[in-house]
Amino acid sequence: MITGRILQKFFLRCERFSNFKMICTQQKLRNFTTALSNCSSYPSYVKVVEVGPRDGLQNEKAFIPTESKIRFIDMLSQSGLPVVEVTSFVSPKWVPQMMDHREVMQGIHKNPLVSYPVLTPNIQGFDAAVESGAEVVAIFGAASETFSRTNLNCSIEESLKRFEKVCEAALKKMVRVRGYVSCVVGCPYEGEIKPEAVTRLTKSLVDMGCYEVSLGDTIGVGTPGSMEKMLEDVTKVVPASRLALHCHDTYGQALSNILTGLKFGIATVDSSTSGLGGCPYAKGASGNVATEDVIYMLHGMGIETDVNLEQVIEASNYISTFLKRPPASKVTVAYNSKL
11 MITGRILQKF
21 FLRCERFSNF
31 KMICTQQKLR
41 NFTTALSNCS
51 SYPSYVKVVE
61 VGPRDGLQNE
71 KAFIPTESKI
81 RFIDMLSQSG
91 LPVVEVTSFV
101 SPKWVPQMMD
111 HREVMQGIHK
121 NPLVSYPVLT
131 PNIQGFDAAV
141 ESGAEVVAIF
151 GAASETFSRT
161 NLNCSIEESL
171 KRFEKVCEAA
181 LKKMVRVRGY
191 VSCVVGCPYE
201 GEIKPEAVTR
211 LTKSLVDMGC
221 YEVSLGDTIG
231 VGTPGSMEKM
241 LEDVTKVVPA
251 SRLALHCHDT
261 YGQALSNILT
271 GLKFGIATVD
281 SSTSGLGGCP
291 YAKGASGNVA
301 TEDVIYMLHG
311 MGIETDVNLE
321 QVIEASNYIS
331 TFLKRPPASK
341 VTVAYNSKL
């Protein structure tokens, strides 16, 4: 860790050079100190939100038997993961893979230490979820107007009106609500997204009562640079403690983008076991960041997660074997090579 004493020694040595003040202005020194300080600003604990059973499996064309989904979820529940997103209460017409949402929700063995949110696009989905025993729901919007109209069949403003009904009903029934914002740095239709659009939507969701809002790089085009630009704007209005990151690894930038978020104080990260899933509407955007890879990185940095990596790998191997394809997680592949 870089301490004030070390910085003091550094500056004292630099002052021995006669031209030091000519090279480094006061502003440059201030920026340098801030940069060094940020290197030690990672959170000591990160909450990992597992989205594999929902976001990871929703794109699979062949229907996965309900009992296999339940087993997958139960394996994840025993790994120490604090949050496992179970299913989606959407119309089977739009996401056929989630047609057994009620059976899955009622069939899993709930660990009292684990939260099990489900996705609910509207008040009808919310009612069905609560009837099935859901205690936490998630609503999802997009920072892109075109993406919202194309995939949610409504404008951003109209989507917020839908969410208001869900949040009002949730408050009455003491159900917690998590928010999602898609396309936070890029959209498959509009290209680059302005940070201000992300900030507006995120603030609206928090104001409605969302305990947390997950910022999603839906098509995986983000880089540490674009993520930093977006987060600088959002965190001016919404505290980092109310934010999560949901990164896709389309261009291999997910872990780097997560590190960028951690430097801003974000301590919640969404991930999908075996790197399953992506966005069903965004061509080429398959591949959520793998839970195993995230945990391996965090543990290697000395950041606690309370998650047993080997048990997550076991769940990853189970679902990958069922799907008849190798895991997309580099950590799981490396681990398996040693067996």
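Quick note on this note's numbering: the sequence shown kicks off at 11 and runs consecutively.
The beta carbon of each residue, even a glycine, is placed where N, CA and C say it ideally should be.
This structure is a prediction, so every number in the text was calculated from the model and none was measured.
Under the DSSP definition of a beta bridge, which residues are partnered with GLU60? VAL94 and SER281
Burial state of LYS183, where buried means 16 or more other Cβ atoms lie within 10 Å: exposed
Under 8 Å between the Cβ atoms of ILE149 and GLN107? no
Give the straight-line distance between the Cα atoms of PHE99 and LYS273, rounded to the nearest whole angstrom. 34 Å
Going by beta carbon distance, what residues of the same chain come within less than 6 Å of TYR261, once the five residues before and after it are set aside? GLY230
Assuming the contact rule is C-beta atoms closer than 8 Å, VAL58 and THR283 should be a hit. Round their C-beta distance to whole Å, please. Taking the Cβ atoms as the reference, VAL58 lies roughly 10 Å from THR283, outside the contact range of under 8 Å.
What does DSSP give as the partner residues of PRO129 in its beta bridges? The sequence shown places Leu at residue 129, rather than the Pro named in the question. Answer by DSSP bridge pairing, in chain order: SER98 and ALA148.
Pull up the DSSP beta-bridge partners for ALA254, would you. SER224
Is it true that the stretch 206-218 meets the stretch 169-178, where meeting means three or more beta-carbon pairs spaced less than 8 Å apart? yes
For CYS197, the three-state DSSP class (helix, strand or coil): Residue state, collapsed to three classes: strand.
In chain order, what residues of the same chain lie with their CB nearer than 8 Å to the CB of GLU155, ignoring the 5 residues before and after it? SER165, ILE166 and GLU200
What are the boundary residues of the alpha helix (DSSP H) that includes GLY287? Unbroken run through GLY287: none, as it is neither H nor E.
Mapping the DSSP letters down to three states, classify TYR55 as helix, strand or coil. strand
Check whether the Cβ atoms of PRO102 and ILE83 sit closer than 8 Å, and answer yes or no. Taking 8 Å as the Cβ cut-off, PRO102 and ILE83 do not qualify as a contacting pair.
Spatial distance of PRO53 from GLY310 (CA atoms): 13 Å
Threshold first: 3 residues or longer. Then list the beta strand (DSSP E) segments lying entirely within the stretch 308-344, N to C. none
On a Cα-Cα basis, can you pick out the residue from MET85, LEU255, GLY285 and LEU181 that is closest to GLY275? LEU255
For LYS19, which residues of its own chain have a beta-carbon under 8 Å away from its beta-carbon, when the five flanking residues on both sides are left out? Caution is warranted here: a pLDDT of 42 is assigned to LYS19, below 50, making its placement in the model unreliable, and no coordinate value can be reported.
Could you give the distance in angstroms between the alpha-carbon of LEU333 and the alpha-carbon of GLN68? Their Cα atoms are separated by approximately 13 Å.
Could you tell me which of ASN121, VAL140, CYS197 and LYS246 sits nearest to THR130, measuring between CA atoms? VAL140
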